[in-house]
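Positions 379 to 538 (the numbering used here) are the ones given, in order, by the sequence shown. Glycine residues also receive a C-beta, built at the ideal position from the N, C-alpha and C atoms. Working notes, structure below.
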Amino acid sequence: MSREWQPDDMAKMVWGFAKMNHKAPDMFDAFANEAVRKMAGYEPCQLSLTAWGYATAEHKAPTLFKAMAVHAQARRLLPRFTPHELADFCWAFAKSGYESPAFYEAIAAVAEPRYAQYDAEDLSNLMWAYAAAGCILRIPALAAELTARDARANPNPAEA
379 MSREWQPDDM AKMVWGFAKM NHKAPDMFDA FANEAVRKMA GYEPCQLSLT AWGYATAEHK
439 APTLFKAMAV HAQARRLLPR FTPHELADFC WAFAKSGYES PAFYEAIAAV AEPRYAQYDA
499 EDLSNLMWAY AAAGCILRIP ALAAELTARD ARANPNPAEA
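Below you can see the structure in the form of structure tokens.
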């Protein structure tokens, strides 16, 4: 793997290949190894794009996912994710079968106070991820946010 690839380049390549449903297992393997090596340079956007790309492509990279989780938590990056980035990040980890209740709890602790900033798609991705990852204790708060949104959108449901 060339030393010229930077985190932003790799994240966008992985995302693009996954978005186009282009199977490139050798590239995914090479980028996973390079990403682990360069993990210190990854910021929230690159982490989210990379995780989403691997999960969407259904390319197994457990060492990469572990490195991303450790990096995001150790560098305290989770609060710096936008709502969309964090929802995609959480979804990708759950879709990839990453098992770490503490990791999902760390994401939920950051996401929960900001649920009002999340759009419906991001909230549904979080709901799916929490359920898939077995993070069921976080589902009631998310369900309450969704119910409150529905009540605000439809203040008089009998009149609708």
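Outcome for residue i when other beta-carbon atoms lying within 10 angstroms are tallied against a minimum of 16
i: S380; result: Only weak support is given to the placement of S380: the predicted model assigns it a pLDDT of 48, under 50, and the value that follows is read from those uncertain coordinates. That one is exposed.
i: D404; result: exposed
i: G475; result: exposed
i: G398; result: In the sequence on display, residue 398 carries Met and not Gly. By the 10 Å Cβ count, M398 comes out exposed.
i: H437; result: buried
i: Q424; result: buried
i: L455; result: buried
i: N534; result: exposed
i: R492; result: exposed
i: K401; result: exposed
i: V392; result: buried
i: N532; result: exposed
i: I514; result: exposed
i: A498; result: exposed
i: R487; result: The sequence given here has Ala at residue 487, not Arg. Counting Cβ neighbours within 10 Å, A487 comes out exposed, since fewer than 16 surround it.
i: P479; result: exposed
i: R516; result: buried
i: T428; result: buried
i: P385; result: buried
First and last residue of the uninterrupted alpha helix (DSSP H) at residue i
i: P479; result: 479 to 489
i: A522; result: 517 to 531
i: S502; result: 498 to 511
### Task
Starting from the N-terminal side, write out each stretch of the alpha helix (DSSP H) that is 4 residues or longer and does not extend beyond the region 381 to 411.
Listed in chain order, they are 385 to 397.
### Query
Taking the runs of the alpha helix (DSSP H) that are 4 residues or longer, which of them lie wholly in the region 423 to 460?
DSSP runs (the alpha helix (DSSP H)) wholly in the region 423 to 460: 440 to 452.
### Query
Should the region 419 to 433 be regarded as contacting the region 458 to 475, the criterion being three or more beta carbon pairs within less than 8 Å?
Three or more beta-carbon pairs drawn from the region 419 to 433 and the region 458 to 475 are found closer than 8 Å, and the two stretches are therefore classed as touching.
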